[in-house]
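Residue numbers (the working numbering): 39 to 534.
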Amino acid sequence: MVPIIPVLLLLLAPPAPEIGPNAGESSDLERALKQFLNVYAIVEDQAADPVASGKVFYEGAIPGMLRRLDPHSVFFDPGQFEQLKQMQRSERKGFGTVVSVLPGRVVVLQTMPGSPSAKAGISAGDEILAINGLQLSRLDPEQLVELLTYSRQHEVRLDVRRYGNARLMQFVLNPEELQSPSVERAFYLRPRVGYLRVSSFDEDTGKQVHDAIEKLGGAQLRGLVLDLRNNPGGVLTAAIETASLFLKPDQLMLSVKGRAVKDQQVRVPPNATPYSFPMSVLINARSASASEIVAGALQDHDRAAILGETSFGKGLVQSVFPLSDGTGLALTTAFYYTPSGRSIQKPIEDSQLEEATATIHAQHGEYKTDSGRTVLGGGGITPDIPTQPDPMSRLRIALEASGSFTTFATGYTQRHPGLPQSFDVTPALLDEFRVFASEHNIQPGVGEWLRDRDWIQGRLKTEILNQAVGVAKGDEVEAQYDPQIRRAVEALGLTP
């Protein structure tokens with residue numbers, strides 16, 4: 039292993055005389071490094087407890103320096119860098135189970151045909167009580183998600199309770215590589231009005247979007263709602279391919295600018311044959327990176343109405359540099375800009391890169407789309423039509439937190455097997471659910487119940503169809519009750 043101190047001392051060796059504008063900067067750097075080594079020498083010699091050089095540099099000095107740059111530049115010690123490389127090589131594994139994560143509970147909604155869970159005999163409505171002996175009832179939702187994520191990569195033993203069966207069942211599952219499409223849903227909201235939910239941007243997302251549109255009718259669609267909510271981004275080329283499906287040939291999609299990086303412009307391929315139907319795009323505070331590139335390009339070229347909430351604001355280029363001793367560095371080297379010149383990246387607070395900070399802060403203000411419409415800069419994509427999800431009332435919070443919908447749906451589907459896709463919630467079923475909620479200490483007043491009655495009907499129908507037919511059908515029902523999706527359909531401007 040190369041000692042750290044000699045390496046730094048080598049940096050302080052007397053340099054050749056330097057002439058030019060950077061001479062002062064070089065001298066300042068030498069003085070700063072010398073001062074740092076003087077401090078370290080005193081700490082190493084006089085500190086009450088022994089000082090490990092790796093801890094000082096790997097966990098202190100280097101991360102401290104990077105924190106002054108931006109939140110995304112990170113130093114990896116040898117163990118962390120090896121984990122990063124393994125993550126980049128890892129396969130997508132799992133058990134093929136769609137679950138509902140409730141406080142202290144995990145209920146199976148669907149198992150994928152041919153998956154490990156389906157072959158083991160797990161079915162919709164089963165409740166997972168423990169994983170490898172760890173009781174799920176003791177975990178909060180975040181811990182549950184972490185445990186489920188970890189479990190997908192290893193053999194697990196599940197303790198499962200099935201509705202109507204007093205005996206616990208045990209399953210041992212081994213994860214398998216699964217195909218997880220980034221286009222999660224594609225269906226009609228109205229006749230010839232399509233809906234696509236894209237959960238991430240992977241290598242073949244552009245092709246998946248194209249194929250999904252073609253299955254819905256292709257160029258014959260009257261309109262399309264593209265849902266990028268909660269999409270954290272992903273592969274840049276996938277975002278470019280997706281945006282190219284809707285923009286004219288040679289239109290500018292994004293620019294890349296950085297101090298040490300040559301400015302670049304990315305344009306739509308000249309041979310592109312884009313769709314021309316009206317579009318709405320949904321975003322929220324968890325839409326980031328590649329999602330913002332797509333939304334920003336469609337907005338600046340007046341190709342789509344952007345609805346929802348201002349996006350996350352992550353528009354930076356990360357370069358990974360392998361270093362000595364198995365360490366590595368992920369460094370922000372450039373920023374992404376929309377066609378109108380807006381920086382996607384939100385301003386970086388407390389940055390010591392004065393020039394870069396000034397450049398980003400200059401993005402605050404107004405910018406113009408192709409038609410002259412004003413759009414706001416300052417980081418993230420600000421929607422043309424701000425829309426919020428329905429607020430959560432006291433009754434809604436109680437029903438969701440208790441898992442009442444999923445629990446009731448499990449019992450109902452077990453008592454009524456073979457429910458059709460045309461299933462609907464009748465007034466009698468609503469009354470039955472109200473009694474069920476009351477028996478579980480949720481007793482709303484008449485006014486509370488009536489105010490949330492339509493929402494309860496939609497949630498109940500969604501959960502029952504999730505287990506009786508599949509989550510795809512449940513999502514179709516949920517979309518009909520989603521106020522942001524309904525507003526996105528209105529923004530298409532279609533006649534009835």
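Heads up, the beta-carbon is just placed ideally off N, CA and C, and yes, glycines get one too. Bear in mind that the values here come from a model prediction, so they are computed numbers and not experimental data.
Handout entry: From L140, S161, V144, residue whose alpha carbon lies closest to that of M150
Key = Closest option to M150, judged by alpha-carbon separation, among L140, S161, V144: S161.
Handout entry: Segment contact flag, the stretch 229 to 245 with the stretch 270 to 278, C-beta cutoff 8 Å, min 3 pairs
Key = yes
Exercise for the section: Consult DSSP for P429 and reduce its assignment to one of helix, strand or coil. Expected result: In this structure, P429 counts as coil in the three-state DSSP scheme.
Problem - Beta-carbon proximity check, L292 vs Y233, cutoff 8 Å - result: no
Handout entry: Ranges of the alpha helix (DSSP H) found wholly within the stretch 57 to 97, counting only runs of at least 4
Key = Counting only runs of 4 or more, we get 61 to 84, 91 to 94.
Practice task
For the stretch 158 to 174 and the stretch 454 to 462, state whether three or more C-beta atom pairs, one from each stretch, are separated by less than 8 Å.
Solution key: No, they do not touch.
Exercise for the section: Please look up how many angstroms separate the CB atoms of I419 and E330, rounded, as I've assumed it's under 8 Å. Expected result: In this structure I419 touches E330 by the C-beta definition: roughly 5 Å separates them, less than 8 Å.
Handout entry: Cβ separation of P287 and N268, assumed to be a contact under 8 Å, to the nearest whole Å
Key = Not quite, the Cβ-Cβ distance comes to about 31 Å (not below 8 Å), so this is no contact.
Exercise for the section: Give a yes or no on whether the C-beta atoms belonging to V144 and L182 are separated by under 8 Å. Expected result: yes
Exercise for the section: Determine the extent of the alpha helix (DSSP H) in which Q459 is found, giving its start and end residues. Expected result: Neither: Q459 is in no alpha helix (DSSP H) and is coded neither H nor E.
Handout entry: Three CB pairs or more closer than 8 Å across the stretch 216 to 234 and the stretch 168 to 188
Key = No, they do not touch.
Handout entry: Backbone CA spacing between I480 and D469 [nearest angstrom]
Key = Each residue's Cα considered, the two are about 14 Å apart.
Handout entry: From S381, Q289, F315, residue whose alpha carbon lies closest to that of P307
Key = The candidate whose alpha carbon is nearest that of P307 is Q289.
Handout entry: Nearest-angstrom beta carbon gap, L320 and A346 [assumed within contact, 8 Å]
Key = What sits at residue 346 in the sequence shown is Gly, not Ala. Confirmed, about 5 Å.
Exercise for the section: Sort Y226, D164, D242 by Cα distance to L259 and report the nearest one. Expected result: Y226
Handout entry: Segment contact, 8 Å Cβ cut-off, at least three pairs: the stretch 406 to 424 with the stretch 461 to 468
Key = no
Handout entry: Under 8 Å between C-beta atoms of A323 and S357
Key = Cβ atoms of A323 and S357: not closer than 8 Å.
Handout entry: Straight-line Cα distance separating T371 from V77
Key = 30 Å
Exercise for the section: Kindly indicate which three-state DSSP category M103 falls into: helix, strand or coil? Expected result: helix
Exercise for the section: Quick one: using the 10 Å Cβ neighbour count with 16 as the cut-off for buried, is L206 buried or exposed? Expected result: Counting Cβ neighbours within 10 Å, L206 comes out exposed, since fewer than 16 surround it.
Practice task
Tell whether a beta-carbon distance below 8 Å holds between F461 and L498.
Solution key: no
Practice task
In angstroms with no decimal places, state the Cα-to-Cα distance between S128 and L177.
Solution key: Below a pLDDT of 50, predicted positions are generally treated as unreliable, and S128, at 44, falls in that range; the measurement from the model is reported next regardless. Between S128 and L177, the C-alpha separation is close to 27 Å.
Problem - P377 classed as buried or exposed, judged by whether at least 16 other C-beta atoms fall within 10 angstroms - result: buried
Practice task
Could you spell out where the alpha helix (DSSP H) holding L503 opens and where it closes?
Solution key: 491 to 506 is the extent of the alpha helix (DSSP H) around L503.
Handout entry: Backbone CA spacing between D428 and A333 [nearest angstrom]
Key = 23 Å
Handout entry: For T135, the residue or residues it bridges with in DSSP
Key = T149
Problem - Buried/exposed call for L67, threshold 16 Cβ in 10 Å - result: Within a 10 Å sphere around the beta-carbon of L67 sit fewer than 16 other beta-carbons, which makes this residue exposed.
Handout entry: Where the beta strand (DSSP E) through K406 begins and ends
Key = 403 to 406
Problem - Endpoints, the alpha helix (DSSP H) within which F471 is located - result: 465 to 477
Exercise for the section: Please look up how many angstroms separate the CB atoms of I502 and T451, rounded, as I've assumed it's under 8 Å. Expected result: 6 Å
Exercise for the section: Could you check the C-alpha separation between A526 and L433 for me, to the nearest Å? Expected result: When only Cα atoms are considered, A526 and L433 end up about 27 Å apart.
Problem - C-beta contact flag for I166 and L174 at 8 Å - result: yes
Handout entry: Neighbourhood of K131 by C-beta distance below 8 Å, restricted to the same chain and skipping five residues each side
Key = R190, Q191, P213, E214, E215, L216
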